[in-house]
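Colleague: Chain order of the listed sequences is A and B.
Per UniProt numbering, numbering through the first sequence is continuous, rising by one, with the last residue being 240.
Per UniProt numbering, numbering through the second sequence is continuous, rising by one, with the last residue being 368.
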Amino acid sequence: MSFTIVAEQVSKSFGKKEVLSNIDLAVKKGEIYGLIGPSGSGKTTLVRILVGMDSDFAGKVNVLDVAMPSMDVLSKIGYMAQSDALYPELTGEENLQFFASLYKLKKEERQQRIAYAAELVQLTPHLSKKVMAYSGGMKRRLSLAIALIHNPQILVLDEPTVGIDPELRLSIWNELSELKKQGKTLVVTTHVMDEAEKCDRLAMVREGKIITSGSPLELKQQYEAKDLEGVFVKAGGKRV
Amino acid sequence: MRTIAVVKRIFQQMLRDKRTLGLMFVAPLFILTLFHFLFTDNTTENPKLGVAHVDAAIVKQLKKKEIDVIEYERAGDVKKTIVDDQLDGFMQMKGDDIRLTFENSDPSKAKALQIKIQQTIAAEAAEKQAAMMKKVLHGIQQQLHAPVKMEQMQPPTVHTSYVYGDKDTSFFDTLSPILVGYFVFFFVFLIAGIALLRERTTGTLDRLMATPIRRSEIVFGYLLGYGTFAVIQTLIVVFFAVKVLDITLEGSLWHVILINLLLALVALSLGILLSAFANSEFQMMQFIPIVIIPQIFFAGILPVEEMASWLQAVAKVMPMYYGGDALKSVMYKGMGLGDIRTDLLALFGFAIIFVTLNVFALKKYRKL
Ligand SMILES: Nc1ncnc2c1ncn2[C@@H]1O[C@H](COP(=O)(O)OP(=O)(O)O)[C@@H](O)[C@H]1O
Ligand SMILES: [Mg+2]
């Protein structure tokens, strides 16, 4: 069994406050792995460690069998932050161009990827607008397009569908499944239980600990719950 | 390659931000012009001196010294008279005693007036003395019935020449080289610092850490990107100062540009370094009174050699101390590269230190 991302005994504190404690997880190649938990449970902190943005933690993280952080691996990860980090005075296309130029892409391939990513998030008609004129949902979509820009093997998406309308949300999830079929590995955080159903496997996070993990079906059977929310409550979480 | 991407992005952002461009390119010219007129076109009015019971001869001499003399019958309440009649001073004589009262709201003006009056009185006294001597001599001659030879006293002629500048040198001539450098320093510091700060507060700097860009590539991208604008600004300010305002330039224009470019590099690297210690634009502004304003005191407007020794030590860690000295040496004293070598090396040293510290400061984001 080949694991793309392996975290062992990961703990992290901000000052005296422990935000993550002894997290173990293993993400398989070609699956969508969900991190579900209420706001403030530590999901963002965990994925930042997984992608190598934060190296100040205890424990071990290997991505593609390389200890993080590693420059080499960084270029194989597409990351979408929870809060949009975009250049507002630039247009959507210029934002995509800039991030694309940070990766080794041939000019032709770069244009292709920009067109593909923009189409995927349905921003093609808005590419020449400045980002400061974008709505919240449009910024979210642009951030997602940026995460996809270099055709990464691994996608780490932190609450990708917040603020996106249900129709587009569905089409984005369909595209994520499509990417999975191409053999890409996805880690997605969410605090929406019905999105968790779409994950192959998931880990429920509460107060910096993984309280339970498995496929949605396994979890529901194990806890004899009719939905994942029931699982969360029975596994020791409060109602979210 | 990634450095170039950062540079390109900075260009796009700057060219869209017309106000910042204006601040960088037009504001220094505006302030410099203002200074120019403030210090060169001052049509100084003659000081106004009220006098009572003063020798007619002295009054005549005072008038010759470009003092507007207003004669009063009685002195009365001198202080009140000065205020009511908007005089700069009042002079009374009682026998051999002279009483001077000054308005003194501008001490330098009062001092100047005082010096003029004292010179006049001294000259008058000397003349009286000479007249007395003549009289005494005349008396002796008559008693001896023979002429007494006495050499004619001629006051010595004073020839003045200057090592630097000439008799028309104004304060602005020595001030302007420093101002040129200071504006470059100030505006580059502010704009580059705030730009990187914005990158921090909007989260894009953090986001960059999820891409394979190196910390040094970000720092050099910023140096090159904003450096280019700093170069343009330097060229505009220097050419404007020399060609339009006609500021004294004894040395080479290229040396002036070189010094300013080094100053800009120091300001740029210092600005982006200090932005690491600010959480908002407002906090960045707080560095101005702490870091930027003190530099002007040590830039050579006030003579550093006459400062207390601990202040002189402080001056040595101020980039503007070296920049100001180099600019004054080239622009006002007409010195060459050899004379300002130490200054240039010091500025270069500052730049290298700040750039290195910058790469380290980003470590709090990522270790690579
Ligand atoms: N930079 C930080 N400094 C201090 N505390 C932080 C910082 N980032 C996150 N935290 C704290 O860590 C906890 C987990 O936050 P986060 O990982 O953002 O949760 P989630 O993404 O699940 O909403 C929260 O209590 C938050 O206040
Ligand atoms: Mg979060």
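For glycine and all other residues, C-beta sits at the position ideal for the given N, C-alpha and C.
In this text, all values refer to a predicted model and were calculated from it rather than measured experimentally.
1. Quick one, which residues of the segment 221-252 of chain B are near chain A if we go by CB-CB under 8 Å, in chain order?
2. For Ser101 (chain A), which option in B:Phe183, B:Ala5, B:Phe229 and B:Gln92 has the closest C-alpha, if you only look at C-alpha atoms?
3. According to DSSP, is Glu45 (chain B) part of a helix, a strand, or is it coil?
4. Which ranges does the alpha helix (DSSP H) cover as unbroken runs of at least 4 residues, wholly within the segment 239-281 of chain B, from first to last along the chain?
5. Please report how far the alpha carbon of Pro160 (chain A) lies from the alpha carbon of Asp84 (chain A), in whole angstroms.
6. What residues in its chain sit with their C-beta under 6 Å from that of Asn62 (chain A), if we drop five residues either side in the sequence?
7. Considering only DSSP beta bridges, list what Ala26 (chain A) is partnered with.
8. Comparing C-alpha positions only, which one of A:Leu228, A:Leu90 and A:Glu207 sits nearest to Ser215 (chain A)?
9. Tell me which same chain residues have a C-beta within less than 6 Å of the C-beta of Ser55 (chain A), skipping the five on either side of it?
10. To the nearest angstrom, how far is it from the Cα of Val240 (chain A) to the Cα of Gly37 (chain A)?
11. For Ser83 (chain A), which residues in chain B fall below 8 Å Cβ to Cβ?
12. On the three-state DSSP scale, how would you describe Gln153 (chain A)?
13. So with Cβ pairs under 7 Å, would you call Leu102 (chain A) a contact of chain B?
14. Examine ligand 2 and report whether any of its heavy atoms sits within less than 6 Å of the Cβ of Thr3 (chain B).
15. From the DSSP output, read off the bridge partner residues of Val205 (chain A).
16. Please classify Ile301 (chain B): does DSSP put it in a helix, a strand, or coil?
17. Please confirm whether Ala123 (chain B) and Gln92 (chain B) have their CB atoms less than 7 Å apart.
18. Under 7 Å, Cβ to Cβ, is there at least one residue of chain B near Phe98 (chain A)?
19. Short of 7 Å in beta carbon distance, which residues of its chain neighbour Phe3 (chain A), apart from the five on each side in sequence? Order them along the chain.
20. Here's a check: name, in chain order, each residue in its chain whose Cβ is nearer than 6 Å to the Cβ of Pro47 (chain B), leaving out the five neighbours to either side.
21. With 9 Å as the C-beta to C-beta threshold (strictly closer), list the residues of the segment 103-133 of chain A near chain B in chain order.
22. Which class does Ile213 (chain B) belong to by DSSP, given the choice of helix, strand or coil?
23. Give a yes or no on whether the minimum CB-CB distance between Ala210 (chain B) and chain A is below 7 Å.
24. By DSSP, does Gln283 (chain B) sit in helix, in strand, or in coil?
25. Which partner residues of Arg99 (chain B) appear in the DSSP bridge assignment?
26. Is the beta carbon of Tyr79 (chain A) closer than 7 Å to that of Val156 (chain A)?
27. Kindly give me the distance between the Cβ atoms of Leu90 (chain A) and Gln12 (chain B), rounded to whole angstroms, as I take these residues to be in contact under 8 Å.
28. Could you check the C-alpha separation between Arg215 (chain B) and Arg2 (chain B) for me, to the nearest Å?
29. Is residue 241 (chain A) helix, strand or coil by DSSP?
30. Would you report the Cα separation of Leu144 (chain B) and Val158 (chain B), rounded to the nearest angstrom?
31. To the nearest angstrom, how far is it from the Cα of Val7 (chain B) to the Cα of Ala145 (chain A)?
32. Hey, how far is the Cα of Thr176 (chain A) from the Cα of Ala230 (chain B)?
33. Of the residues that make up the segment 4-19 of chain B, which ones have a beta carbon closer than 7 Å to any beta carbon in chain A?
34. For ligand 2, which residues have a Cβ under 7 Å from at least one heavy atom, in chain order?
35. If the cut-off is 8 Å on Cβ atoms, which residues from the segment 336-365 of chain B count as contacting chain A, listed in chain order?
36. Any heavy atom of ligand 1 within a distance shorter than 6 Å of the CB on Phe14 (chain A)?
Modeller: This is what the structure holds:
1. Within the segment 221-252 of chain B, no residue qualifies.
2. As a position in the first sequence, residue 101 (chain A) is number 101, starting the count at 1. Selected option, being the one with the closest Cα: B:Ala5.
3. Residue numbering aside, residue 45 (chain B) sits at position 45 when the second sequence is read from its first letter. Here Glu45 (chain B) sits in coil by DSSP.
4. 253-274
5. Here the question's residue 160 (chain A) lines up with position 160 in the first sequence. Here the question's residue 84 (chain A) lines up with position 84 in the first sequence. Going from the Cα of Pro160 (chain A) to the Cα of Asp84 (chain A) covers about 10 Å.
6. As a first step, residue 62 (chain A) must be located in the first sequence, where it is residue number 62. Val6.
7. Counting from one through the first sequence, the residue named residue 26 (chain A) turns up at place 26. DSSP, once it has assigned bridges, lists A:Val6 as partnering Ala26 (chain A).
8. Looking up residue 215 (chain A) in the first sequence gives position 215. Nearest of A:Leu228, A:Leu90 and A:Glu207 to Ser215 (chain A), Cα basis: A:Leu228.
9. Taking the first residue of the first sequence as position 1, residue 55 (chain A) is located at position 55. Counting only Cβ-Cβ distances below 6 Å, and skipping sequence neighbours, we find Pro69.
10. The residue given as residue 240 (chain A) occupies position 240 in the first sequence. The residue given as residue 37 (chain A) occupies position 37 in the first sequence. Annotation note: pLDDT 49 at Val240 (chain A) (below 50); position unreliable, no value reported.
11. Numbered from its first residue, the first sequence carries residue 83 (chain A) at position 83. Simply Gly203.
12. Against the first sequence, residue 153 (chain A) aligns to sequence position 153. In this structure, Gln153 (chain A) counts as coil in the three-state DSSP scheme.
13. Stepping through the first sequence from its first residue, residue 102 (chain A) is reached at position 102. By this cut-off, Leu102 (chain A) is an interface position.
14. Working through the second sequence from its first residue, we reach residue 3 (chain B) at position 3. For Thr3 (chain B), the CB stays at least 6 Å from every heavy atom of ligand 2.
15. Here the question's residue 205 (chain A) lines up with position 205 in the first sequence. In the DSSP output, where bridge partners are listed per residue, Val205 (chain A) has A:Ile210.
16. Numbered from its first residue, the second sequence carries residue 301 (chain B) at position 301. Judged by DSSP in its simplified three-state form, Ile301 (chain B) adopts coil rather than helix or strand.
17. On the second sequence, position 123 is the one that residue 123 (chain B) refers to. On the second sequence, position 92 is the one that residue 92 (chain B) refers to. The answer is no: Cβ separation not under 7 Å.
18. Looking up residue 98 (chain A) in the first sequence gives position 98. Taking Cβ atoms only, chain B reaches closer than 7 Å to Phe98 (chain A), which makes this a yes.
19. Numbered from its first residue, the first sequence carries residue 3 (chain A) at position 3. Taken in chain order, the residues that qualify are Ala26, Val27 and Lys28.
20. Here residue 47 (chain B) is taken as the residue at index 47 of the second sequence, counted from 1. So the qualifying residues of the chain are Ile67, Asp88 and Leu113.
21. Tyr103, Lys104 and Lys130
22. Mapped onto the second sequence, residue 213 (chain B) falls at position 213. Ile213 (chain B) falls in the coil class under three-state DSSP.
23. Translated into the one-based positions of the second sequence, residue 210 (chain B) becomes position 210. Interface residue, yes.
24. Locating residue 283 (chain B) in the second sequence gives position 283, where the first residue counts as 1. Correct three-state label for Gln283 (chain B): helix.
25. The sequence position of residue 99 (chain B) within the second sequence is 99, counting from 1. Looking at the DSSP assignment, Arg99 (chain B) forms a beta bridge with B:Gln92.
26. Residue mapping note: residue 156 (chain A) aligns to position 156 of the first sequence, counting from 1. Residue mapping note: residue 79 (chain A) aligns to position 79 of the first sequence, counting from 1. Against a cut-off of 7 Å, the Cβ pair of Tyr79 (chain A) and Val156 (chain A) comes out as a contact.
27. Mapped onto the first sequence, residue 90 (chain A) falls at position 90. Mapped onto the second sequence, residue 12 (chain B) falls at position 12. The Cβ separation is near 6 Å, so the contact holds.
28. The residue given as residue 215 (chain B) occupies position 215 in the second sequence. The residue given as residue 2 (chain B) occupies position 2 in the second sequence. Their backbone Cα atoms lie some 11 Å apart in a straight line.
29. Because residue 241 (chain A) is not part of the residues shown, which for chain A are 1 to 240, the question remains open.
30. On the second sequence, residue 144 (chain B) is found 144 positions in, with the first residue counted as 1. On the second sequence, residue 158 (chain B) is found 158 positions in, with the first residue counted as 1. Each residue's alpha carbon lies about 38 Å from the other.
31. As a working note, residue 7 (chain B) is residue 7 in the second sequence. As a working note, residue 145 (chain A) is residue 145 in the first sequence. So the alpha carbons of these two residues sit roughly 22 Å apart.
32. Numbered from its first residue, the first sequence carries residue 176 (chain A) at position 176. Numbered from its first residue, the second sequence carries residue 230 (chain B) at position 230. Going by the sequence as given, residue 176 (chain A) is Leu instead of Thr. So the two alpha carbons sit approximately 45 Å from each other.
33. Ala5, Arg9, Gln12, Gln13, Arg16 and Asp17
34. Ordered along the chain, the selected set is A:Ser39, A:Lys43, A:Thr44, A:Gln82, A:Asp158, A:Glu159 and A:Thr189.
35. Tyr365
36. Against the first sequence, residue 14 (chain A) aligns to sequence position 14. At least one heavy atom of ligand 1 lies closer than 6 Å to the C-beta of Phe14 (chain A).
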